[in-house]
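Going down the list, the sequences are from chains A and B. For the first sequence, my numbering assigns the number 55 to the initial residue and increments by one for each residue that follows. For the second sequence, my numbering assigns the number 55 to the initial residue and increments by one for each residue that follows.
Protein chains: 2
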Amino acid sequence: MKSANSLLYQRIAQNLIDDIGKGVWRVGDQLPSEEQLASRYKVSRFTIRSALNRIQSKGMISRRRRLGTTVQNERPLETMVQEVRTVDELFQYPEGTRLKVLRASNFSTDVSVANFLGCAVGSKWTKIETIRLSQNRSPVCLTEIYVPEAYKSVKDHIGKDSTPAFKLLERHFQVVAQEINAEISAGNITSARSKQLHVEPDSASLILIRRYRNAAGELLEVSTSEHPASRFTYSFNLNYRR
Amino acid sequence: MKSANSLLYQRIAQNLIDDIGKGVWRVGDQLPSEEQLASRYKVSRFTIRSALNRIQSKGMISRRRRLGTTVQNERPLETMVQEVRTVDELFQYPEGTRLKVLRASNFSTDVSVANFLGCAVGSKWTKIETIRLSQNRSPVCLTEIYVPEAYKSVKDHIGKDSTPAFKLLERHFQVVAQEINAEISAGNITSARSKQLHVEPDSASLILIRRYRNAAGELLEVSTSEHPASRFTYSFNLNYRR
DNA sequence: AAGTGGTCTAGACCACAGG
DNA sequence: CTGTGGTCTAGACCACTTC
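Here it is, written out as structure tokens:
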């Protein structure tokens, strides 16, 4: 193996990456077995596996028993990663703010609501209308929480502490949120809502929609939050993995 | 070791995780060396290392030569991850849209601008004003791109194709963007800008600010984009790693 | 049945960071 | 110098999946 200095498995990994880039193996091709690579490079299978781990972590190969190692991409995937270590970081509401339940109601989804929620038409849901208040009792945002009617009773737990509603679902029902989808858009606050938020009617707002799904992809909760433009900015960081 | 069925290193990892949770080892404590753990569990050091890898991937321990293995957290870090596989996913502008340069100007940062950009007061920057147009030439958003004056000439490359400005910086100057910070807020479109965007003055808008930094944390570019509320929604997914 | 990757053993030497 | 984790060897058996 060429130049010394670096580590064996790193050099072998780079060598294989280069080969894939040069088209020695193309996407869909199968790499030689670990045993064959070991004898080809005159190293142990352990070292080959370390090299393949490295290549796999770059998204270039997949490995399956019996099927072998298959090329997935010609070049390392350039992935940007946002890591959110705590739920608070995702929600970004300062400590001390509280959610207060205003109203709860049941309904059957019609076409437009089903489309908005991303669920089947005619399923039974509960809508929980809430307002988030800061420590000095001034309104931060209006939040509507939609849950399947089976989870209706979460409303009695909301506002007791700062636990997000989907965590309450996990605690009180046997469900686990696996994926969250967020949509951010701008809008204008309706007259009725502007009074609750203490702003001018029709003033600009930032709207966050969050959809929570379990591992099977089933909807657990949808929430919409409307913030007066001046009171909220959503911020996040992304890092390149190179 | 308790119940069979699962794999050796997984059971050992779970055992150690439980011990840490029970307070057998506390945050800051040093775990026994790999050698000691191997003899304690009567397995090879390889198996112990597999178990420790697993625990490390959960953010519970750090490992350093000579210093040993140190407990970092009492419980597995519940991390949410957003992966953006391509730059396009981050920008989310449909294909066919183009950036058109309107104007470029140099300036020295005063206090307020330096604060907004997140750079030193008095440094020299270039502001490139652009508009993004859809295929049918209707305006999508107004984008202002700020770069250190040394990179001023990027303006001649913007709009030639759909490459984002920070990628152009990487191509034409010896810099690499490592981290992107994004801020999303709502606002109102000023009268002058509303004409360019073909909307009513003072109507609601979604504003995206992106800051690009190299590995040393130095600012490479800051861009602000203002979108009429009806024309843009920012959407992303987060997944739990359990 | 056969061949692949996944797990595991029992060693060895090296690189790094304290004392 | 010493002890730690990091790398590496040369084997072995197992689990899975396709034939």
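We put the beta carbon where it would ideally sit given N, CA and C, even for glycine. This structure is a prediction, so every number in the text was calculated from the model and none was measured.
Task: CB of C195(A) within 7 Å of CB of S289(A), strictly - done: Contact: no.
Task: Three CB pairs or more closer than 8 Å across the region 89-106 of chain A and the region 128-135 of chain A - done: Between the region 89-106 of chain A and the region 128-135 of chain A there are fewer than three inter-stretch CB-CB distances shorter than 8 Å, so the stretches are not counted as touching.
Task: Inter-residue Cα distance where the pair is A58(B) and T140(A) - done: Legend: pLDDT at A58(B) = 40, less than 50; position of this residue unreliable, value from coordinates given subsequently. Taking the straight line joining both Cα atoms gives about 33 Å.
Task: Pair within 7 Å by beta-carbon distance, V125(A) and V81(A) - done: Going by C-beta atoms, V125(A) is nearer than 7 Å to V81(A).
TODO: List in chain order: all unbroken beta strand (DSSP E) runs of 3+ residues lying wholly within the region 136-210 of chain A.
DONE: Fully enclosed beta strand (DSSP E) runs of 3 or longer: 152-162, 178-187, 193-202.
Task: Cβ-based neighbour list, N169(B), same chain, cut-off 8 Å, excluding 5 preceding and 5 following - done: Apart from sequence neighbours up to five positions away, no residue of its chain approaches N169(B) with a beta-carbon distance below 8 Å.
Open item on the list: Below 8 Å on the Cβ atoms is my contact criterion, and I expect A283(B) with S257(B) to pass it. Report the Cβ-Cβ distance as a whole number of Å.
Closed with: Between A283(B) and S257(B) the beta-carbon gap is near 7 Å, inside 8 Å, which marks them as a contact.
Task: Continuous beta strand (DSSP E) stretch holding H300(B): start and end - done: An answer regarding residue 300(B) cannot be provided, because it is not within the stretch 55 to 296 covered by chain B.
Open item on the list: Between A298(A) and I261(A), how many whole angstroms is the CB-CB distance? I'm expecting something under 8 Å.
Closed with: What the structure shows of chain A is the stretch from 55 to 296, and residue 298(A) is not part of that stretch, so it cannot be assessed.
Open item on the list: Quick check: the Cα distance between A270(B) and L62(A), rounded to an integer number of angstroms?
Closed with: Roughly 29 Å separates the two Cα atoms.
TODO: Can you give me the Cβ contacts of K214(B) inside the same chain, cut-off strictly under 7 Å, excluding the 5 residues immediately before and after it?
DONE: No residues qualify anywhere along the chain.
Open item on the list: Considering only the alpha carbon of each residue, which of V276(A), L274(A), E237(A), H281(A) lies closest to E254(A)?
Closed with: Nearest Cα to E254(A) within the set V276(A), L274(A), E237(A), H281(A): H281(A).
TODO: Reducing DSSP to helix, strand and coil, say where R108(B) ends up.
DONE: Looking at R108(B) - three-state DSSP - the assignment turns out to be helix.
Task: Contact with chain A by E50(B), beta-carbon distance below 7 Å - done: With chain B covering 55 to 296 only, the question about residue 50(B) has no answer from this structure.
- [ ] Alpha carbon to alpha carbon, how far is N291(B) from E237(A)? Give it in angstroms, no decimals.
- [x] Those two C-alpha atoms are separated by around 9 Å.
Open item on the list: Taking only three categories from DSSP, how would you classify G241(B)?
Closed with: Of the three classes helix, strand and coil, the one that applies to G241(B) here is strand, per DSSP.
Open item on the list: Which residues in chain A have a C-beta closer than 8 Å to the C-beta of L196(B)? List them in chain order.
Closed with: Simply none; closest approach about 14 Å.
Task: Paired residues, beta bridge with N235(A) - DSSP - done: Paired residue(s): R265(A), N291(B).
- [ ] Go ahead and label E275(B) buried or exposed: buried means 16 or more other beta carbons lie within 10 angstroms of its beta carbon, across all protein chains shown.
- [x] So E275(B) counts as buried.
- [ ] Measure the beta-carbon distance from T180(B) to V201(B) and round it to whole angstroms, keeping in mind my assumption that it falls under 8 Å.
- [x] That pair is a contact at about 5 Å.
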